[in-house]
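The block underneath contains the structure these notes are about, expressed in C-alpha cells.
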Amino acid sequence: MRPIRLIPLLQQASAQALADRYGLTLDPATLVVQRTSRDHTGDYTLVLFPLMKHRLGSPEAIGQTLGQDLLDRLPDTLAAFDLVKGFLNLTLTPAAWCRWLHFALAEPEAALRLDLGSGQKVMLEFPSPNTNKPLHLGHLRNLFLGDSLTRILTAAGFTTIRANLYNDKGIHICKSLLAWQREGCQTPEQSGLKGDHLAGKYYVRFDQLLREQIEQLKAQGLDEEQAKAQAPLQQEVQELYRRWEAGDPAVVEPWRQMNTWVYAGFEQTFRRLGLPPFDVNYYESETYLRGREIVEEGLAQGVFFRKPDGSVWIDLSDEKLDEKLVLRSDGTSVYITQDLATAELKYQQFGIDRSIYVIGNEQDYHMKVLIATLKRLGKPYAEGMYHLSYGMVDLPTGRMKSREGTVVDADDLLDEMTATAAAATAELGKTESLDAQSLESLHHSLGLGALKYFLLKVDPARRMVFNPEDSIDFKGHTGTFIQYTHARTAALLRKADEQGYRPQPVAAPEPLAGAELDLVRQLYHWPDALAEAVRDYSPAVVANYAYDLARAYSRFYTEAPVLKADTVAQRDFRLLLTALTRQHLATVLGLLGIEAPDRM
RNA sequence: GGCACCGUAGUUCAACGGAUAGAACGGAGGUUUCCGGAGCCUCAGAUACAGGUUCGAUUCCUGUCGGUGCUACCA
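In the working numbering, the protein residues as written are -17 to 582.
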C-alpha cells in the first residue's frame, strides 16, 4: 500500500469523468480541489466555476452529473456530494479514511512518506558562512530552512546531499587576522572563547582601530573618502590579502590556523542545533582558481568579452541583468568567478539533478546572474539550479547591525531559550521522574524547538521580524505547544498501556462529529500537505500542518474522553486517533528538526 | 536614477484566483471535584490607496504612496 493523496485522486477521477461525459480532456492538475471550508458539509471541494469557460452547462447541471459520476467511480471513497452554488462538496466514506488510519498505524514509516523524487539527487547548499565571525540569528533561519528542507525532500523520496560552502577567503577574513596578530595572537584556550567568537572579536576590533585612524586623519583635515583610503590599517589589510593571494606562508599559515579554530566553533554550534554533519564542505579558497579557467573557456566561446583594461565581463543586458564583471583586470577572481567553479564541481562530484542554494534574498540579483551565466556557457546543470531565496530576519528597528551591537548571536540566543524552557518546565512540574541529564536535554530540545519553530513557521520568502524584547513565545502558535501536545498523547498512551489497552485498527463508531472528525481529517490530509511543502520548497507548510494537527487534537482531547469514553468502541477508536496523532506529530516535528518529548 | 521584493487586526504570522479573510500574542470575559490548564471556550479587532482584467481579486495587471534589498575590479 502507498500513501493516499486525496487531492490528486479526486482530480484524476474528475478529469476522467469529464472526459467520458463531455469529451473534454483536461490536465487533472488544473482542476481546483481543496479542503472544504469550515461551515460546509464535506471533506474536499471541487470548484466548478473554472469549467464554465468550456460551455458544458450551468454549474448546477455539471455539479449534479459530475457528483454522481464521482460517486459511481469511487464508491469505496466517496459517500456523498453536496452542491452549493459552484462548489461541489464531497464527503468521504468512513471506510476510506479508516483504511488510511489503519495503514498509518501498521506502517507509519511508509504511510508518512511519499515517493515524489524517485531517487533524484538533490544537493542543498547552506549556510555558507563567512569565517570571520560567529553565527547569528540570520544564519539560524538559513540553517533551519536548509536542514528542514533536506529532511522533507528525503521523506518525499529524494536522495539529498547536504553541502556547506565556506567563504574563507577575502579581505574581510584578513581583517580579523590582522587585528588578531596586532593584539597578541591569542588562542581560543587563552582567550576562553570559541574559535568563531574569537575571530568575531577581532573583526569588530579591526573596525574600531580603523575607525580611530580615520577619525585622526579627519582631524588633520582629510575628508571621509581620503581618510578611508589613506588609513594605515586599510592599506595593511589590502597588502595582507595580496600576500595571501600570492601564497605567502607567513600569511597563509596563521590564516589556516585561525580558520581551523573557526570551523571547530561552527561545528560545536551545528551539533548544539541538532544538525547532522554536512556530506561535503567546499572552500572558496580551493575553488577560485578553477573559476578563472571557466572564464577562459567562456572567452573562447564568446560568451564573455574582455575590456581594454583586461577585465572580463558578460553582457546580460538583454535579460535586464546588465553587464557583470567576472574577472578583474589584474586577473584575480571575484565572488561570481568562484561560484561558477563551485557549481561545476558539485555537478561533477555528485551528478546531481537539482542544486538548491539556500541564500538570502539580498543575493537575488547575484544568483540570477550566476544561473544565467551558466546557461550561456551551455552547462547542462544550470537548468537544475534553484535559488531558495529567503527573507532577512529583522529587528523591530530594522536590520541587525554589528556596528551597533544589535546582532543576535546564535549561541547566546540558544542559551536564553534553554533557560526559559527550564523555568517553564519546572513550573509545570511533570518531570520529577527525570534524572539531571535527561532534564537538561529536555530543556535543550524545548528551547531549540521553540526557536526552530519560530523561524520555520513563516513562509521562507518573507522577511520576518524578531523582537528580542519579548523573546520567543512558548504559548500559542509555537513549537512548544506542538511538543506539549505530543507529550500529552504520550502520557495518555502510557496510562492506557498500564490499564492494558493498546491502539488497535478498529472501525470508527458512526457517526463521527465535531472535534473527532476534524482530527481525522487533519490526519489523512498529511500526504497532500507534504506534497505541497515539496512543491513550494517550504518547511512552513509542514510547520503549519503540525500546528493545525496539535490544535485539532487539543480540542478533541477536551471534548472527547478517551479512557473514560462511554463505549468500548469509542474508547478504542479514540485510542487509535491518539496513537496516530502521536506518530504524525513526532514525524512532522522530525521533518522540522524538532524533537518530540514524551514528557515535559 | 534603474532593477527586484514586500505593504493583511495594536503586534507577529495564515489564506494553489474561490464560499462569511484564518490563527497566535496582547486586551475583555469564562473554564480545573473529570485522561497533563504550555490547554479549551466567548467577545472586540485587518486586506495602504486608486483604477483594470474576471462569474469571482488579499492573490493577476497598471498607477500612486510607504518599506526593504541589490545596483563594488568586496565576499
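Think of the CB as a built atom: it goes at the ideal place given N, C-alpha and C, for glycine as much as any other residue.
In the DSSP assignment, L180 forms no beta bridge with any residue. The three-state reading of DSSP puts T47 in helix, counting H, G and I together. Around the CB of K289, fewer than 16 other CB atoms lie within 10 Å, so the residue is classed as exposed.
Sorting G431, L475, D58 and D393 by C-alpha distance to the C-alpha of I454 places G431 at the top.
Cβ neighbours of S100 within its own chain (closer than 8 Å, five residues either side excluded): G139. Using a C-beta cut-off of 8 Å, the segment 119 to 128 makes no contact with the segment 76 to 92, since fewer than three inter-stretch Cβ pairs fall below that distance. Around the beta carbon of A209, a 10 Å sphere encloses 16 or more other beta carbons of the protein chains shown; the residue is thus reported as buried.
Residue pairing from DSSP places M446 in a beta bridge opposite V375. Separation of D580 and R517 (C-alpha to C-alpha, rounded to the nearest whole angstrom) is 32 Å. For Q486, same chain residues with a beta-carbon under 7 Å away, outside a window of 5 residues either side, are D554 and L558 in chain order.
Positions of the beta strand (DSSP E) runs, each at least 3 residues long and wholly inside the segment 316 to 398, are given as 336 to 342 and 367 to 372 in order along the chain. In the structure shown, A495 adopts coil according to DSSP, grouped into three states. Judged by beta-carbon spacing, G256 lies within the 7 Å limit of G575, meaning their Cβ atoms are closer than that value.
Look at N263 here: in three-state DSSP terms it is strand. For G333, the CB contacts under 8 Å within the same chain, skipping 5 residues up- and downstream, are K103 in chain order. Per DSSP, M(-17) has no beta-bridge partner at all. The shortest CA-to-CA distance from A443 to any of D291, L370, A364 and T141 is the one to L370. Taking C-beta atoms as the reference points, D58 and T113 fail to come closer than 7 Å. Where Y26 is concerned, the enclosing beta strand (DSSP E) starts and stops at Y26 to V29. In the DSSP annotation of this structure, R95 is not part of any alpha helix (DSSP H), being labelled neither H nor E. For V308, the enclosing beta strand (DSSP E) has its first and last residue at E305 to L309. Using a 10 angstroms sphere on the CB of M399, the tally of other CB atoms reaches 16 or more, which defines it as buried. Listed in chain order, the non-local C-beta contacts of E301 below 7 Å within the same chain comprise A354, local neighbours out to five positions each way being set aside. Counting along the chain, M34 sits inside no beta strand (DSSP E), nor does DSSP assign it H or E at all. Around the CB of N124, 16 or more other CB atoms lie within 10 Å, so the residue is classed as buried. CA-to-CA, the gap between K67 and T73 works out to about 17 Å.
Counting only residues of its own chain and dropping the five nearest sequence neighbours on each side, L573 has a CB closer than 7 Å to the CB of S130, R133, I134, A137 and V524. In the DSSP assignment, T169 falls outside any beta strand (DSSP E) and carries neither an H nor an E. Nearest neighbour of T462 by Cα position, chosen from L8, A404, A325 and L377, turns out to be A404. Using a 10 angstroms sphere on the CB of Q202, the tally of other CB atoms stays under 16, which defines it as exposed.
By a beta-carbon distance limit of 8 Å, A364 does not contact L438. Their separation comes to about 29 Å. Between T269 and Q320 the beta-carbon gap is near 5 Å, inside 8 Å, which marks them as a contact. Judged by their CB atoms, L96 and L512 are nearer to each other than the 7 Å cut-off.
Considered as a whole, the segment 50 to 87 harbours no complete run of any alpha helix (DSSP H) with no fewer than 4 residues. Look at the beta carbons and you see the segment 22 to 34 touching the segment 0 to 14: at least three pairs across the two are nearer than 8 Å. Within a 10 Å sphere around the beta-carbon of Q565 sit 16 or more other beta-carbons, which makes this residue buried.
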